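Read the structure below first, then the notes.
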Amino acid sequence: MKSLCLVCLVAGLLLGGCASRSVGEEADGAIPPFPKKVPQSVHAHVETPETRAAGATETGAGEDEAASIYFGYGSSKVDVAGREKLRALASKLDRNSESTVTLIGRTDDLGSPSYSLAVAGKRVDAVADILRSYGVARNRISRSVRGNETLAAHCATKACKKRMRRVEVKYSP
């Protein structure tokens, strides 16, 4: 009897650990702008009446949205808008032969850390592959995979999670 209970408990824990949450995309596919930057000392969920009304939660990321490539949940596919950003970046790199670019893969807070790192790595690889296809030399592209381990704050809304699923592109002249 005890062994049956133990087997059921272990099976329940294993199945519960495999469960995942699904996050839907915004209806129009648009990515809302980041709210104002949260001071670096804030490492907790921050929601104000203004951000709650707008459906946004401050993440503290503060990155330049124009230099980020966004992705759907669990996806590493670069959309048309992302490809256009990368084409413009490749052109900029072509005009400045000494410049380099660093790609930083990030994810939302859904899923395990290992899953998040794997997805972030695939996203960075996808962005790097597109830059290479546009003629950017491999030695001018640095890669960094952060996943969800360096999040400044917890996101409670779909819009916030959508902004977290990105590859930040840092240009160095």
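The sequence shown lines up with residues -21 to -1, 1 to 152 when you count with mature numbering (1 follows the signal peptide of the UniProt record, and there is no 0). C-beta: ideal position from N, C-alpha, C; glycine also. Predicted model only: the values in this text are computed from it and were never measured.
- Assignment of leucine 110 by DSSP, reduced to helix, strand and coil, places it in the helix class.
- Inter-residue distance for arginine 85 and alanine 67 is about 22 Å (C-alpha atoms, whole angstroms).
- The alpha carbon of tyrosine 52 has as its nearest neighbour, out of Glu77, Ala99, Glu128, Tyr113, the alpha carbon of Ala99.
- Exclusion of the five residues before and after valine 124 leaves Gly84, Leu96, Ala99, Gly100, Val103 as the residues of its chain whose Cβ lies within less than 7 Å of its Cβ.
- If you draw a 10 Å sphere on the C-beta of serine 151, you find fewer than 16 other C-beta atoms in it, and that means exposed.
- Short of 8 Å from the beta carbon of valine 80, and not among the five residues preceding or following it, lie these beta carbons of its own chain, in chain order: Leu68, Leu72, Leu110, Val115, Arg119, Ile120, Ser121, Val148, Lys149, Tyr150, Ser151.
- DSSP, read as helix, strand or coil, puts serine 78 in coil.
- With a threshold of 16 other beta carbon atoms within 10 Å, alanine 45 falls short and is exposed.
- Between the alpha carbons of histidine 133 and arginine 142 lies a distance of about 12 Å.
- In the DSSP assignment, arginine 142 falls within the unbroken alpha helix (DSSP H) covering 137 to 143.
- In the DSSP secondary-structure assignment, glutamate 147 is bridged to Ser47, Ile83.
- In terms of Cβ geometry, valine 106 and valine 59 do not form a close pair [threshold 8 Å].
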